[in-house]
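Read the structure below first, then the notes.
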Amino acid sequence: AQSVTQPDIHITVSEGASLELRCNYSYGATPYLFWYVQSPGQGLQLLLKYFSGDTLVQGIKGFEAEFKRSQSSFNLRKPSVHWSDAAEYFCAVISYGQNFVFGPGTRLSVLP
Amino acid sequence: EAGVAQSPRYKIIEKRQSVAFWCNPISGHATLYWYQQILGQGPKLLIQFQNNGVVDDSQLPKDRFSAERLKGVDSTLKIQPAKLEDSAVYLCASSVAGNRYNEQFFGPGTRLTVL
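Taken in order, these protein sequences are the chains called A and B.
Start counting the first sequence at 1; every next residue gets the next number (the numbering used here).
Start counting the second sequence at 113; every next residue gets the next number (the numbering used here).
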């Protein structure tokens, strides 16, 4: 069965520190991969997506993610975190003929 | 460009009562989705519309949930009767016509509490 895992439920980093949020998926076919961010009381906003081509994709707000087929991973990174990045982050996956599947989310807290 | 609108933002009801949520997608977006997001989990797709037709409702609990999109624009999601486990945020999203790989734009959600 298709699944998406985000091993870290909650991560705390200091402002200015680097960030990496993990995402692993289990799919039979090549999936399309997304990262969304959800701020409190807000809807989900797309940060970036990977369909094909260059495995390192750039997104909004200074985020990037790298697709590693051998590891079935699509980790999200940011070199320097800002206090406004505190939010819930969701990895999502879809493949042909399947529904959109979201991971359980990782909550990011940022220390001043 | 106006985003996806949802109302109400919050709703508290007793179990066995009925409730309805409303969604107005981004103008011109033919595809509309309803998701259920239980606390601590990612959103789960309930139903997908293409214009006013249902594309996928395989995860919609049809014994108590119903949804419609009569004129291919606004949509309503109804729960009747509600159960405690229906407490969640209900998210509406829309995308341009086409396949599911198009970017989905999400509304702020309706937080439902069933007592």
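Glycine residues also receive a C-beta, built at the ideal position from the N, C-alpha and C atoms.
In this text the structure is predicted, and so the values were computed from the model without any measurement.
Measuring alpha carbon to alpha carbon, tell me which residue in the options is nearest residue i.
| i | options | result |
| --- | --- | --- |
| residue 140 of chain B | B:162, B:151, B:133 | B:162 |
| residue 126 of chain B | B:203, B:136, B:192, B:216 | B:192 |
| residue 52 of chain A | A:18, A:68, A:7 | A:68 |
| residue 121 of chain B | A:15, A:43, A:26, A:89 | A:43 |
Exposed or buried, what is residue i when buried is set at 16 or more other beta-carbons lying within 10 Å of its beta-carbon?
| i | result |
| --- | --- |
| residue 198 of chain B | buried |
| residue 56 of chain A | exposed |
| residue 143 of chain B | buried |
| residue 83 of chain A | exposed |
| residue 58 of chain A | exposed |
| residue 94 of chain A | buried |
| residue 85 of chain A | buried |
| residue 155 of chain B | buried |
Got a sec: is the Cβ-Cβ distance from residue i to anything in chain B below 8 Å?
| i | result |
| --- | --- |
| residue 103 of chain A | yes |
| residue 99 of chain A | yes |
| residue 2 of chain A | no |
Would residue i pass as an interface residue toward chain A - the criterion being a Cβ-Cβ separation below 8 Å?
| i | result |
| --- | --- |
| residue 197 of chain B | no |
| residue 153 of chain B | yes |
| residue 168 of chain B | yes |
Pull the bridge partners of residue i from the DSSP assignment, please.
| i | result |
| --- | --- |
| residue 168 of chain B | B:160 |
Quiz prompt | Segment contact flag, the segment 64-79 of chain A with the segment 123-134 of chain B, C-beta cutoff 8 Å, min 3 pairs | solution = no
Quiz item: So does the segment 202-211 of chain B actually touch the segment 26-35 of chain A, counting three or more Cβ pairs closer than 8 Å?
Solution: no
Self-check item: Contact residues within the segment 37-71 of chain A, judged by C-beta distance below 9 Å to chain D
Solution: Judged by its chain identifiers, the structure shown contains no chain D, and its protein chains are A and B.
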